[in-house]
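Residue numbers (this note's numbering): 6 to 312.
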């Protein structure tokens with residue numbers, strides 16, 4: 006039986022519906038081939054079904070994900086890290102989107118004090134940021150077209166024009182910077198993508214669900230700023246949103262020993278690109294309006310990291 010949330014994947018379109026239709030058979034086939042026994046209720050992420058199982062090596066998790074370009078090389082990254090700072094890959098069938106992973110605790114960093122959590126993630130960067138595999142897409146291949154689309158936004162776009170122009174300038178510089186590519190980066194490392202380890206030795210926390218690219222370590226920080234946004238927006242009296250953002254930013258770069266200026270510039274670029282995607286999903290004259298609160302968050306984050 007698939008969780009209701011996984012069945013709801015089908016509402017996203019025909020490809021998703023086909024994926025959901027084939028999931029039960031795919032789970033049965035892989036479980037038989039890999040000799041896996043169910044060991045608890047099914048879990049899920051935004052794009053994948055995750056099943057606790059017992060393998061020949063012991064407790065494990067079977068992850069079967071919807072095929073998309075961000076997950077295409079997940080198995081390669083996990084194999085390359087070999088459990089250093091990340092969940093250990095036990096077996097993979099990338100053609101069917103199936104990964105057998107070591108069992109971790111269900112505890113993540115969403116309930117930890119955010120500055121402690123940022124320091125934990127910053128310490129994981131040191132293990133995860135290794136020379137990139139040649140198969141990975143480059144960060145430049147994404148940044149270049151996104152920056153061109155950002156530059157093409159009309160002046161009527163509900164974003165500060167000076168901030169758009171600043172992000173475009175930075176994006177163009179990064180697109181021609183050799184340091185923009187070359188390091189294996191997670192791509193989506195935030196509080197919910199770090200789980201407590203069950204190992205008796207090694208790191209206490211491990212990264213999961215990478216969306217790996219060959220990129221720049223400084224690109225990684227932004228998700229720690231926009232996730233758990235409500236905590237910043239509803240902070241106790243006397244603490245401004247800007248101060249909260251900057252505290253997270255500095256806790257992360259200090260733990261990871263990253264360059265402050267380069268990290269700041271990447272946050273600006275990444276937040277303006279996120280705003281761009283929101284505007285593209287809700288074009289002028291369309292059936293729905295862009296989320297004004299989300300756009301405000303993007304602009305607030307981009308401004309807050311600047312001096």
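Beta carbons are placed, not taken as given, at the ideal position from N, Cα and C, and that holds for glycine.
(message) Tell me the rounded alpha-carbon separation between residue 170 and residue 302.
(response) Going from the Cα of residue 170 to the Cα of residue 302 covers about 18 Å.
(message) Given this structure, state the Cα-to-Cα distance separating residue 43 from residue 58, to the nearest angstrom.
(response) Per the coordinates, the alpha-carbon of residue 43 lies some 4 Å from the alpha-carbon of residue 58.
(message) In this structure, how does DSSP classify residue 173 when only helix, strand and coil are distinguished?
(response) In the structure shown, residue 173 sits in a helix (DSSP, three-state: H, G or I).
(request) Would you kindly report the start and end of the unbroken alpha helix (DSSP H) that includes residue 302? (result) DSSP places residue 302 inside the alpha helix (DSSP H), whose first and last residues are 297-309.
(message) Taking only three categories from DSSP, how would you classify residue 117?
(response) In this structure, DSSP gives residue 117 a state outside helix and strand, which the three-state scheme calls coil.
(request) Have a look at the DSSP bridge pairing and note the partners of residue 107. (result) Residue 107 is bridged to 65.
(request) Return yes when the Cβ of residue 203 is within less than 9 Å of the Cβ of residue 109, no when it is not. (result) Contact flag set, yes.
(message) Whole angstroms are fine: how far does the CA of residue 216 sit from the CA of residue 26?
(response) Cα to Cα, the separation comes out at about 25 Å.
(message) With the cut-off set at 9 Å, would you say residue 231 and residue 276 are in Cβ contact?
(response) Yes, these two residues count as a Cβ contact at 9 Å.
(request) Decide if residue 153 is buried, meaning its Cβ has at least 16 other Cβ atoms within 10 Å, or exposed. (result) With a threshold of 16 other beta carbon atoms within 10 Å, residue 153 falls short and is exposed.
(request) Mind checking which residues open and close the alpha helix (DSSP H) that includes residue 150? (result) Its alpha helix (DSSP H) spans residues 144-156.
(request) Please determine, among 288, 282, 254, the residue with the shortest C-alpha to C-alpha distance to residue 122. (result) Among 288, 282, 254, the Cα nearest to that of residue 122 belongs to 254.
(message) Can you tell me whether residue 32 is helix, strand or coil according to DSSP?
(response) Residue state, collapsed to three classes: helix.
(request) Determine the direct distance from the alpha carbon of residue 92 to that of residue 221, and round the result to whole angstroms. (result) Taking the straight line joining both Cα atoms gives about 22 Å.
(request) Could you say which of 185, 249, 240, 201 lies nearest to residue 223 if we only look at CA atoms? (result) The residue with the shortest Cα to Cα distance from residue 223 is 185.
(request) Ignoring anything shorter than 3 residues or poking outside the region 198-268, list the beta strand (DSSP E) runs there in chain order. (result) Fully enclosed beta strand (DSSP E) runs of 3 or longer: 199-201, 210-212, 218-220.
(request) Inspect the beta-carbon positions of residue 168 and residue 273 and report whether they are closer than 9 Å. (result) Yes; because the gap between Cβ atoms is below 9 Å, this pair is in contact.
(message) If you measure between the beta carbons of residue 133 and residue 106, is that distance less than 9 Å?
(response) Going by C-beta atoms, residue 133 is not nearer than 9 Å to residue 106.
(message) Spatial neighbours of residue 15 within its chain, please: C-beta separation below 7 Å, excluding the five flanking residues on both sides.
(response) So the qualifying residues of the chain are 21, 22, 25.
(message) Quick check: the Cα distance between residue 259 and residue 94, rounded to an integer number of angstroms?
(response) The alpha-carbon atoms of residue 259 and residue 94 are separated by roughly 30 Å.
(message) Taking a contact to mean a Cβ-Cβ separation below 9 Å, would you say residue 218 touches residue 129 in this structure?
(response) For residue 218 and residue 129, no; Cβs fall outside 9 Å.
(request) Could you please give the first and the last residue of the uninterrupted beta strand (DSSP E) stretch that includes residue 54? (result) According to the DSSP assignment, residue 54 belongs to the beta strand (DSSP E) that extends over 53-60.
(request) Under 8 Å by Cβ, that's how I've got residue 148 and residue 98 pegged, so tell me the actual separation to the nearest angstrom. (result) Residue 148 to residue 98, Cβ: 31 Å. No contact.
(message) Since residue 10 and residue 49 should fall inside the 8 Å C-beta cutoff, what is the C-beta to C-beta distance between them, to a whole number of angstroms?
(response) Contact holds; Cβ gap of about 5 Å.
(message) Is the separation between the beta-carbon of residue 137 and that of residue 155 shorter than 9 Å?
(response) Not closer than 9 Å, so no.
(request) Please classify residue 166: does DSSP put it in a helix, a strand, or coil? (result) Here residue 166 sits in helix by DSSP.
(message) Does residue 70 come out as helix, strand or coil in the three-state DSSP assignment?
(response) Secondary structure of residue 70 (DSSP, three-state): strand.
(message) Please report the distance separating the alpha-carbon of residue 263 from that of residue 124.
(response) Roughly 12 Å between the two C-alpha positions.
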